[in-house]
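S.K.: Questions regarding the structure given below will be posed in turn.
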Amino acid sequence: SGVLKLPHAQINPAQTNLAYQQAFLRQGGHRTIALVRNLLTSANTIRGVETNLGNFYAANTVICAGGLTRRLLPTENLNLPLYFTYAQLIKTPPVTTQLNSLIMPAVQARFTLEAQASQLDWLSLEQDNIPNSAKIPPILDIGAAQFKDGSICLGQISGIPANLGIELDLQQAEAKIRQGIANILPSLANLPGKCHQCLVAFTHPGIAVIGQLPQHPGGYIFSGFTSALLYTPPLARRFAQWATGQTDQIIAKLTASLN
Numbered sequence: 079s080g081v082l083k084l085p086h087a088q089i090n091p092a093q094t095n096l097a098y099q100q101a102f103l104r105q106g107g108h109r110t111i112a113l114v115r116n117l118l119t120s121a122n123t124i125r126g127v128e129t130n131l132g133n134f135y136a137a138n139t140v141i142c143a144g145g146l147t148r149r150l151l152p153t154e155n156l157n158l159p160l161y162f163t164y165a166q167l168i169k170t171p172p173v174t175t176q177l178n179s180l181i182m183p184a185v186q187a188r189f190t191l192e193a194q195a196s197q198l199d200w201l202s203l204e205q206d207n208i209p210n211s212a213k214i215p216p217i218l219d220i221g222a223a224q225f226k227d228g229s230i231c232l233g234q235i236s237g238i239p240a241n242l243g244i245e246l247d248l249q250q251a252e253a254k255i256r257q258g259i260a261n262i263l264p265s266l267a268n269l270p271g272k273c274h275q276c277l278v279a280f281t282h283p284g285i286a287v288i289g290q291l292p293q294h295p296g297g298y299i300f301s302g303f304t305s306a307l308l309y310t311p312p313l314a315r316r317f318a319q320w321a322t323g324q325t326d327q328i329i330a331k332l333t334a335s336l337n
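Going letter by letter, the sequence shown gives residues 79 to 337 in our numbering.
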């Protein structure tokens, strides 16, 4: 075993997300938090979204809902290279323990898991079931990242849910993560913390699924990012410019997966 230590940039994902939202509002944008139930369509043209707060109409609707994106997509003649896994990690409160580095495995098992997951029958998700998902066991990539406030993220487990409604055992996941952390960073294994989980969208191969939905005018997709915090900010700007009529070679290459 060994360690390779290199300079590595690090940001706080939650604070970065909040900063982008605040900048959006300062530029005159409007934000509504609502439960999206479905897309509003007319003759295959997407007109907006149906929510618990009413219908919202728009000439163009962009779907960027992470692991829930597939659930919102029109099902007719549309099978995109967009998939998802679940992720589980432990988030600690601010602690006095001080990490001097971002700890991560040199070879991440998550990418092998994603390659296997992309071979499953994802169209069956329409029936709330992904056949054979149980045959691909979850993986554990041991790592730790500390933020300016002193809190630490320990993780992470990645796996393929059999369906969107499955209830996962967070206590079991927490025990597995702590056991893995104890093997390389024993001083962190017993820190107070709570296990969290979420869905993570990805595409394979490629870095994202971006572009206009085939045969559904008015509908766009912007999801499935690998290394989302690296690629999303610059591609969001390029995507917005492309969607308003400007030519962009990078977006053109990424939209090829939709054709």
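Yeah, the Cβ is synthetic: ideal placement off N, Cα and C, and Gly gets one too.
#1: Please say whether residue 294 and residue 122 have beta carbons closer to each other than 8 Å?
#2: To which residues of the same chain is residue 333 closer than 8 Å at the C-beta, ignoring the five residues directly before and after it?
#3: Can you find at least 3 beta carbon pairs, one from the stretch 211-226 and one from the stretch 123-139, that sit closer than 8 Å?
#4: Please check the pair residue 162 and residue 279, which I expect to be a contact at CB under 8 Å, by giving their CB distance rounded to whole angstroms.
#5: Is DSSP giving residue 352 helix, strand or coil here?
#6: Taking the beta strand (DSSP E) that residue 125 belongs to, which residues open and close that run?
#7: Can you list, in chain order, the stretches of the beta strand (DSSP E) that have 3 or more residues and sit fully within the stretch 231-312?
#8: Taking the alpha carbon of residue 220 as the point to measure from, which residue in 188, 110, 103, 131 has its own alpha carbon closest?
#9: Could you check how far apart the C-beta atoms of residue 146 and residue 313 are, in whole angstroms? I think they sit under 8 Å.
#10: Identify whether residue 160 lies in helix, strand or coil by the three-state DSSP scheme.
#11: Below 8 Å on the Cβ atoms is my contact criterion, and I expect residue 266 with residue 259 to pass it. Report the Cβ-Cβ distance as a whole number of Å.
#12: Who are the Cβ neighbours of residue 141 in its own chain at under 6 Å, not counting the five residues just before and after it?
#13: Just to confirm before moving on: does the CB-CB distance between residue 222 and residue 230 stay below 8 Å?
#14: Please identify the residue among 130, 261, 256 whose C-alpha is closest to the C-alpha of residue 268.
#15: Could you check if residue 102 is buried or exposed, using at least 16 other CB atoms within 10 Å of its CB as the buried criterion?
M.R.: Straight from the coordinates:
#1: As a position in the sequence shown, residue 122 is number 44, starting the count at 1. As a position in the sequence shown, residue 294 is number 216, starting the count at 1. Yes.
#2: Reading the sequence shown from its first residue, position 255 is the one you call residue 333. These residues qualify, in order along the chain: 288, 289, 290.
#3: no
#4: As a position in the sequence shown, residue 162 is number 84, starting the count at 1. As a position in the sequence shown, residue 279 is number 201, starting the count at 1. Yes, residue 162 and residue 279 are in contact; Cβ-Cβ is about 5 Å, under 8 Å.
#5: Residue 352 is absent from the structure shown; the chain starts at 79 and stops at 337.
#6: Taking the first residue of the sequence shown as position 1, residue 125 is located at position 47. Start and end: 123-129.
#7: 272-281, 287-290, 297-301
#8: Taking the sequence shown and counting its residues from 1, the one referred to as residue 220 is at position 142. Nearest C-alpha to residue 220: 188.
#9: The count along the sequence shown starts at 1 and reaches residue 146 at position 68. The count along the sequence shown starts at 1 and reaches residue 313 at position 235. Contact flag wrong, Cβ pair sits at about 20 Å.
#10: Counting from 1 along the sequence shown, the entry for residue 160 is found at position 82. Residue state, collapsed to three classes: strand.
#11: In the sequence shown, the residue the question calls residue 266 occupies position 188. In the sequence shown, the residue the question calls residue 259 occupies position 181. Rounded, the Cβ-Cβ distance is 5 Å, consistent with contact.
#12: As a first step, residue 141 must be located in the sequence shown, where it is residue number 63. Answer for residue 141: 147, 150, 299, listed in chain order.
#13: Walking along the sequence shown from the start, residue 222 turns up at place 144. Walking along the sequence shown from the start, residue 230 turns up at place 152. For residue 222 and residue 230, yes; Cβs fall inside 8 Å.
#14: Within the sequence shown, residue 268 is the residue found at index 190, counting from 1. Closest option to residue 268, Cα to Cα, is 256.
#15: Counting from 1 along the sequence shown, the entry for residue 102 is found at position 24. When all chains shown are included, residue 102 counts as exposed.
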